[in-house]
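A short worksheet on the structure shown next.
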Amino acid sequence: MTTGGSVADIRTVSETRSTNDDVAALAREGAAEGLWLRAERQTGGRGRQGRAWQSPEGNLYVSTLVRVRAGDPPAPTLALVAAVALHEVVAALTRHPGESRGPSTPTPEFLGPGFRRDDVVQIKWPNDLLVGGTKLSGILLERAGDAVVIGFGVNLAHHPQDLDRPAISLAALTGTAPDSATFLEMLAESFARWLQRWRFEGIGPIRSRWLSAAHPIGTALSTSEGDGLFDGLDETGALRLRLADGSVRVVRAGDVFLI
771 MTTGGSVADI RTVSETRSTN DDVAALAREG AAEGLWLRAE RQTGGRGRQG
821 RAWQSPEGNL YVSTLVRVRA GDPPAPTLAL VAAVALHEVV AALTRHPGES
871 RGPSTPTPEF LGPGFRRDDV VQIKWPNDLL VGGTKLSGIL LERAGDAVVI
921 GFGVNLAHHP QDLDRPAISL AALTGTAPDS ATFLEMLAES FARWLQRWRF
971 EGIGPIRSRW LSAAHPIGTA LSTSEGDGLF DGLDETGALR LRLADGSVRV
1021 VRAGDVFLI
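Numbering of the sequence shown is given in my numbering, commencing with residue 771 and proceeding in unit increments.
Rendered as structure tokens:
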């Protein structure tokens, strides 16, 4: 398939321990940017800080790689690229019938049992997708030489019930689970487009799109740097946290939760 002027090499395996580990190994062997590896099931999927990621069949488990070039924006800002690309796909799939929106328009409306018209898909820093405060997906970035491996886990058909923070799936929201292979084709297209903008226009357009899809300024957050209010992103894509005394702390790493 063609994505943003390049060919995406999409591969599927029935089972693997971790798509991120597999793609990291392929990256070290010289795999080209544009490779996507999807597993129908993972036996050792993980999230940030090594947390286990439940991986039943029916959800999306996929990793890709970006070869970092001289002149590229800082590699950590690929977390924002991944977030806006995934948000764009989910927004398109959850759009209200008859609603006319461009490909980068946020604020979709849900149709499934239990949906609320004020529920929208929102990004939480740096790249989780939430709906009404419940987690829909996670993204994990890891370095492999000159490559950044980006893993996506999206709850399409199932969501875990026994986490300390609530989760949700697209099936629970809309009444049906999208086909994971079709979802991946959409994601590969979107990611290639936003990657091109990141590479040739810089972080500015990515940051603007991320902010348009994020929870509102002033949202209460708990972070590893303390509690405060969301105050946007700085020019590098780091989180700005407004503290109780009015000062702003810049958070560049660590867990962030909505309060």
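Idealized CB from N, CA, C, for every residue including glycine.
Remember, it's a predicted structure, so these values are computed and weren't measured experimentally.
Within 8 Å, strictly: CB atoms of residue i and residue j
i: Leu981; j: Ala990; result: no
i: Leu906; j: Leu899; result: yes
i: Leu848; j: Ile920; result: yes
i: Asn897; j: Ala853; result: yes
i: Thr924; j: Leu1009; result: First, the residue type needs correcting, since residue 924 is Val and not Thr in the sequence shown. No, the pair does not count as a contact, with Cβ atoms beyond the cut-off.
i: Trp895; j: Val1026; result: yes
i: Ala917; j: Arg837; result: yes
i: Ala937; j: Pro930; result: yes
i: Asp997; j: Ile973; result: no
i: Phe922; j: Val860; result: no
Residue i versus residue j - alpha carbon distance
i: Gly908; j: Ile893; result: 10 Å
i: His857; j: Ser1017; result: 30 Å
i: Thr993; j: Arg839; result: 32 Å
i: Ala809; j: Val890; result: 28 Å
i: Arg871; j: Thr946; result: Caution is warranted here: a pLDDT of 40 is assigned to Arg871, below 50, making its placement in the model unreliable, and no coordinate value can be reported.
i: Ser788; j: Gly814; result: 6 Å
i: Gly1007; j: Val901; result: 22 Å
i: Leu965; j: Glu827; result: 29 Å
i: Glu1032; j: Pro844; result: Given a span of 771 to 1029 for the chain in the structure shown, any question on residue 1032 remains unanswerable.
i: Ala984; j: Thr786; result: 32 Å
i: Ala778; j: Gly903; result: 33 Å
i: Ile976; j: Asp842; result: 13 Å
i: Ala797; j: Arg979; result: 29 Å
i: Arg969; j: Ala801; result: 19 Å
i: Phe880; j: His928; result: Low per-residue confidence applies at Phe880: pLDDT is 41, beneath 50, and the placement is therefore not dependable, though the value from the model is reported in the following sentence. Rounded to whole angstroms, Phe880 to His928 spans 17 Å at the Cα level.
Coil, strand or helix - residue i by DSSP
i: Glu858; result: helix
i: Val924; result: strand
i: Asn897; result: coil
i: Val838; result: coil
i: Arg963; result: helix
i: Thr786; result: strand
i: Ala801; result: coil
i: Arg969; result: helix
i: Ser833; result: strand
i: Gly1024; result: coil
i: Glu869; result: With a pLDDT of only 44 at Glu869, under the threshold of 50, the placement of this residue in the model should not be trusted; the figure read from the coordinates follows. Looking at Glu869 - three-state DSSP - the assignment turns out to be coil, as it is neither helix nor strand.
i: Ala852; result: helix
i: Ala845; result: helix
i: Ala1036; result: Here the chain covers residues 771 to 1029 and nothing more, so residue 1036 does not appear.
i: Ala951; result: helix
Assumed close pair residue i, residue j - CB separation to whole angstroms, cut-off 8 Å
i: Val783; j: Leu835; result: About 16 Å; that fails the 8 Å criterion.
i: Leu940; j: Leu954; result: Not a contact, Cβ separation roughly 14 Å.
i: Gly806; j: Ala914; result: Residue identity differs from the one stated: residue 806 is Trp in this sequence, not Gly. With a Cβ gap of about 15 Å, Trp806 and Ala914 do not count as contacting.
i: Asp1001; j: Leu1011; result: 6 Å
i: Ser960; j: Ala855; result: 4 Å
i: Thr944; j: Thr864; result: 6 Å
Residue span of the beta strand (DSSP E) that contains residue i, given as start and end
i: Ser907; result: 904-914
i: Ile973; result: That residue, Ile973, is in no beta strand (DSSP E); its alpha helix (DSSP H) goes 973-983.
i: Leu807; result: 805-809
i: Asp792; result: That residue, Asp792, is in no beta strand (DSSP E); its alpha helix (DSSP H) goes 789-798.
i: Ile780; result: 779-783
i: Gly1002; result: 996-1003
i: Thr993; result: 990-993
i: Arg1012; result: 1009-1012
First through last residue of the alpha helix (DSSP H) which encompasses residue i
i: Ala941; result: 940-944
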